[in-house]
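The block underneath contains the structure these notes are about, expressed in structure tokens.
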Amino acid sequence: MYVNREYGGTEMVNTVYIKKTEDMMQLILEQKFEEKINRNRSYFLYRGLCRSKFSLETSLHRNCRDMQVSLEPCILRNFTKYAELLNPDLRTSVWRQMVVGQHHGLPTRLLDWTYSPLVALHFATSSFELSKTDTYDGAVWKIDAREINRLLPERYYDKLARNNAWVFSVDMLSDVVNEPAQYDSDMAGHAMALLEPPSIDQRIINQYSIFSVIPMSMGGIEEFLDKYTENTVKYVIDKRIKWDVRDFLDQMNMNERTMMPGLDGLSTWLKRHYFVMPARAATEDKENGKK
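So the sequence shown is numbered by our numbering: it starts at 4 and just counts up by one.
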């Protein structure tokens with residue numbers, strides 16, 4: 004493992020290269036001792052990407068590009084109109100619309116994070132094409148929630164303090180602001196709120212999910228982290244150890260079966276569990292006299 008300072012925008016981001024499986028321990032065990040409670044606690048949040056070169060980008064930006072500002076209200080309005088029968092509470096909060104929509108694949112301004120580094124490693128070592136799992140380096144991004152919160156406008160920060168919290172619930176954020184345009188103006192491109200979703204199903208619970216609410220005025224998420232934070236780290240998982248990490252996570256019961264409860268998650272896990280590596284299949288065919 005070695006550390007580098009890698010250019011992400013006009014500034015630099017801390018980058019840690021994980022070359023051996025044992026180097027993961029730094030990522031997994033990173034906690035801070037809190038004297039007030041005599042316990043270890045972590046305020047870090049993690050996001051896993053199967054390719055280290057993938058940028059931090061919301062599904063709304065990826066889907067709508069430079070028209071996201073004008074299209075977001077249309078997307079949320081129509082989602083609420085058609086989904087209200089299934090979820091009557093959607094009209095009470097635009098943030099609830101985003102959370103529920105994001106969970107079901109709707110393009111939103113929310114970016115997924117997790118409290119668990121193991122969950123992030125799961126996504127960093129997963130691939131839709133199993134044969135390409137070890138073709139690309141993976142990545143786990145780590146941010147410090149308390150550092151992010153210190154950038155918040157005063158009334159947002161005060162809301163957290165009054166509730167003895169370090170992330171917003173849907174109701175807490177709705178109490179402060181319930182109009183995305185006002186939120187964008189308040190954040191002014193150099194802050195973002197961290198939103199903990201309600202436990203609408205087992206998948207959110209198992210993935211230990213949390214979202215960052217990305218303001219439209221933020222030019223780029225990586226550039227924001229480069230410029231305004233010091234504790235952000237990008238862990239790059241060497242492609243040559245991704246299958247080893249993947250097998251380690253399976254033994255820890257961190258897999259599709261537990262991350263996405265249901266038949267889809269079960270089937271995806273079994274597909275990967277019984278996947279035969281191409282090189283290994285070719286070797287066995289050769290040993291068996293096949294050409």
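Glycine is no exception: its CB is placed at the ideal position from the N, C-alpha and C atoms. All values derive from a computational prediction rather than experimental measurement.
{"Item": "Are the Cβ atoms of arginine 149 and tyrosine 46 separated by less than 7 Å?", "Value": "yes"}
{"Item": "Which ranges would you report for the beta strand (DSSP E) in the segment 114-170 if only whole runs of at least 3 residues count?", "Value": "141-147"}
{"Item": "According to DSSP, arginine 50 sits in a beta bridge with which residue or residues?", "Value": "Trp144"}
{"Item": "Look at serine 270 and alanine 142 and say whether their C-beta atoms are less than 7 Å apart.", "Value": "no"}
{"Item": "How far does the alpha helix (DSSP H) with valine 248 in it extend, from its first residue to its last?", "Value": "245-254"}
{"Item": "Answer with yes or no whether the minimum CB distance from isoleucine 217 to chain D is below 7 Å.", "Value": "In summary, chain D is missing from the structure at hand, where a single protein chain is found."}
{"Item": "Does the segment 111-118 come into contact with the segment 243-257, if we say contact requires no fewer than three beta-carbon pairs (one atom in each stretch) closer than 8 Å?", "Value": "no"}
{"Item": "From what residue to what residue does the alpha helix (DSSP H) around lysine 274 run?", "Value": "266-276"}
{"Item": "Suppose only complete runs of 3+ residues qualify. What are the beta strand (DSSP E) ranges in the segment 194-228, listed by chain order?", "Value": "196-198 and 212-216"}
{"Item": "Would you mind working out which of Gly223, Pro200 and Asp92 sits nearest histidine 106, comparing C-alpha positions?", "Value": "Pro200"}
{"Item": "Give me the Cβ distance between arginine 50 and tryptophan 144, rounded to the nearest whole Å; I'm assuming they're in contact under 8 Å.", "Value": "5 Å"}
{"Item": "Identify whether glutamate 37 lies in helix, strand or coil by the three-state DSSP scheme.", "Value": "strand"}
{"Item": "Name the DSSP beta bridge partners of asparagine 43, please?", "Value": "Phe36"}
{"Item": "For valine 236, write down the residues that DSSP places opposite it in a beta bridge.", "Value": "Asn17 and Lys145"}
{"Item": "Would you grab the beta carbon distance between proline 110 and leucine 63 for me? Rounded to a whole angstrom, and I think it's under 8 Å.", "Value": "4 Å"}
{"Item": "Assuming arginine 99 and threonine 61 are in contact, meaning their beta carbons sit under 8 Å apart, how far apart are those beta carbons, in whole angstroms?", "Value": "Actually they are not in contact, since the Cβ atoms of arginine 99 and threonine 61 sit about 17 Å apart, beyond 8 Å."}
{"Item": "Taking the alpha carbon of leucine 121 as the point to measure from, which residue in Val102, Leu48, Ser202 and His276 has its own alpha carbon closest?", "Value": "Leu48"}
{"Item": "For the alpha helix (DSSP H) that contains glutamate 75, what are its first and last residues?", "Value": "71-86"}
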